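Written out below as structure tokens is the structure these notes cover.
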Amino acid sequence: MLNFCANLSMLFNEVKFIDKFKLASENGFKGIEYLFPYDYSKSDIKDQLNDNNLSQILFDFPAGNFAEGERGIAIFPERKNEFREGVHKAIDYATFLNCERLTVLVGIADGKYTTEQYNETLIENLLYAADQVKNTNITILVEALNTIDAPNYFVSSTSHCKEIIKAVNLPSVKIQYDIYHMQIMEGDIIRTFENNFDKIGHIQIADNPGRNEPGTGELNYKMIFEYLNNSDYDGWIGCEYAPKNNTLESLKWVREYGVINA
Amino acid sequence: MPKFESNLMYMFNEFDLIDRYEQASLSGFSGVELQSPYSMTIDNILDKLDKFNLKHIIINLPVIDPDTGIGNLALRPDKKDLFLERLDLGTKYAKALGCIGINTGIGIYPSGFENDEVYQTLIENQKIASETLSKCGIKALIEPINTVDQPDFYINTSVQAVDLINQIDHPNAFLLYDVYHMQIMEGNLSRNIKKLIDKIGHIQIADNPGRYEPGTGEINYPYIFNLLDEIGYKGWVGCEYKPSSTTINSLGWIQEYLNNYNEE
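Listed in order, the protein sequences are those of chains A and B.
Quick note: the first sequence, position 185, residue 172 per my numbering, numbers continuous.
With positions in the second sequence counted from 1, the corresponding number in my numbering is that position plus 156.
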């Protein structure tokens, strides 16, 4: 049985953010994820989760000025303090919302430092974050992005993710495997998952090209889900895609997997 | 719809090689490809093509090094003469059989040589192959192969293959884009096929993982086939996959395409 959660940063854009929880629930989702909760009060979000019987599966650490194109700050030596403040804020929200996964967007390499310096800073920041969650059940996830959508994003392959995870060497720091990003960057989706099974803490999906719902691109998600269903993966799969027409129409595929509208 | 042809090394293994032509025809194919036709005479093959109304789309150059048993003659600085002999043999077969192209075969890195020397040998051999084959109207095809199945394969991404083609700098040098190999090595299939379409001289397919027929793995082949139509690919698509059970049972996916094609 596969656990799909709705990504509220990309689904249900027909309504305001705070009204998406209800729609996710009405459409049969038991869990939700999104980029950031920080524009809203903890209690407002908790009310939405409780009222709609939803689990908060994942969100991201503060990642700089996202609207202006930043995709994380964890690689920048001069922004360690900002990263640490963000860690505390994220853990505060996550604890209150019973969220067990927090994703680090690492940042777009700006050319001011060497690859070694970016790596060192990232690892140091991850060690700090891991130390802050050591008495919680929170897992910290590192996500590779594709460099077509996010040019110069510093971590853009599973192998780089693995290097980082290995250097940190803590069970609370894992890979977020976004199949859309990795199909653009490296392919070989099923084998890569299989080879890194014990290091993957969360999966996200969208088809390629276009980042629309499964069935609209070059990936055979039916077979990928069949494989995952037969594997020992018991985590969540985040539906982080842009609906091709509208959200309700885009959810047809997920009905086959037990996500049924109320 | 793309024109599909049958790879006789991978398909119809239930039969002797020479009898696979008939089986391909019976299953609705109008074209075939075969890596190594050299155990059969040209006349024997022509007889089959004529009798079963088949086109022989591509063959491979015979690039096995007699000393090592490894198929990397094109990379060996010490065996350029032998490569040329084999090019003559391959050209003779391809010309007689009416092939549209020859897979020139790259191979795994030969130990004991400097990389520069190996690369220059490959470029030199490929320049000659492109020129020789262009005189017969046969495309010189360069195929990157995945390093999971063949570790140390020298040209293993479309980026490397295009670099090589640019170095060869001959209008008859083309990319053989094998969707299976490229899914293992780089993904991003649709975008790359679109980008490279002018340089693609032939396409081969299998699903991943497993190299079985379309529908058994992570690639959405109906989407890829539609894309090939959309961008106006006029070449052939070689079914170079291992049937997951028998060849006949592996052909369910292709029926709509073969029927459409044969009605045209």
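Heads up, the beta-carbon is just placed ideally off N, CA and C, and yes, glycines get one too.
Every value quoted in this text rests on a predicted model; they were computed, and no experiment measured them.
Once DSSP output is grouped into helix, strand and coil, what is the label at A/Lys121? coil
Any chain A beta carbon closer than 9 Å to B/Ser195: no
Does any C-beta atom of chain B lie closer than 9 Å to the C-beta of A/Gln170? yes
Contact criterion: CB-CB distance below 9 Å. Does A/Asp175 meet it with respect to chain B? yes
What do you get for A/His75, buried or exposed, if any count of 16 or more other CB atoms within 10 angstroms of its CB means buried? exposed
Between the segment 182 to 196 of chain A and chain B, which residues of the former have a C-beta closer than 9 Å to a C-beta of the latter? Asp194, Asn195, Pro196
Check whether the Cβ atoms of B/Asp363 and A/Asn207 sit closer than 9 Å, and answer yes or no. yes
Proximal residues to A/Pro272 (C-beta, below 6 Å), its chain only, five neighbours per side dropped: Absent from the model: residue 272 of chain A. The displayed extent of chain A is -12 to 249, so no value can be given.
Does the beta carbon of B/Ser290 sit closer than 9 Å to a beta carbon anywhere in chain A? no
Determine, for B/Thr372, whether the minimum Cβ-Cβ distance to residues of chain A falls below 9 Å. yes
In chain order, what are the residue ranges of uninterrupted alpha helix (DSSP H) at least 4 long that sit wholly in the segment 354 to 386 of chain B? 377 to 386
Listing by chain order, which chain A residues have their CB less than 7 Å from the CB of B/Leu345? Glu205
Indicate the three-state DSSP secondary structure (helix, strand or coil) for B/Ala252 in the structure shown. helix
Closer than 9 Å, CB to CB, is A/Tyr220 near chain B or not? no
Going by beta-carbon coordinates alone, are A/Ile19 and A/Thr82 separated by less than 9 Å? no
Taking the straight line between their C-alpha atoms, what separation do you get for B/Ser290 and B/Ala296? 8 Å
What is the residue span of the alpha helix (DSSP H) that B/Ala162 lies within? With the sequence shown as reference, residue 162 of chain B is identified as Ser, and Ala is not the correct amino acid for it. Where B/Ser162 is concerned, there is no enclosing alpha helix (DSSP H), although the beta strand (DSSP E) it sits in stretches over 159 to 163.
CB contact flag (B/Trp392, B/Phe208, <9 Å): no
May I ask you to report which of helix, strand or coil DSSP gives B/Glu419? Residue placement at B/Glu419 is flagged as unreliable, the pLDDT there being 45, under the threshold of 50; a coordinate-derived value is accordingly withheld.
Any Cβ of chain A within less than 9 Å of the Cβ of B/Asn312? no
Can you name, in chain order, every residue of its own chain whose Cβ lies under 6 Å from the Cβ of B/Asn216, other than the five neighbours on each side? Gln191, Asn259, Gly261
Span of the alpha helix (DSSP H) holding B/His337? 335 to 341
Would you say B/Pro370 and B/Asn169 are within 9 Å of each other, going by their C-beta atoms? no
Measure the alpha-carbon distance for A/His147 versus A/Asp185 and round it to whole angstroms. 16 Å
Please decide whether B/Asp363 counts as near chain A, where near means a Cβ-Cβ distance under 9 Å. yes
Counting only beta-carbon separations shorter than 9 Å, does A/Met210 have a partner in chain B? yes
Relative to the ligand MG, is the shortest distance from any of its heavy atoms to the C-beta of B/Leu332 smaller than 8 Å? This structure lacks the ligand MG; in fact it carries no ligand of any kind.
Checking contacts by CB at 9 Å: is A/Tyr164 closer than that to chain B? no
Starting from B/Leu190, trace the alpha helix (DSSP H) in both directions and tell me its first and last residue. Premise fails: B/Leu190 lies in the beta strand (DSSP E), 187 to 190, not in any alpha helix (DSSP H).
Is the beta carbon of A/Gln35 less than 9 Å from the beta carbon of A/Thr90? no
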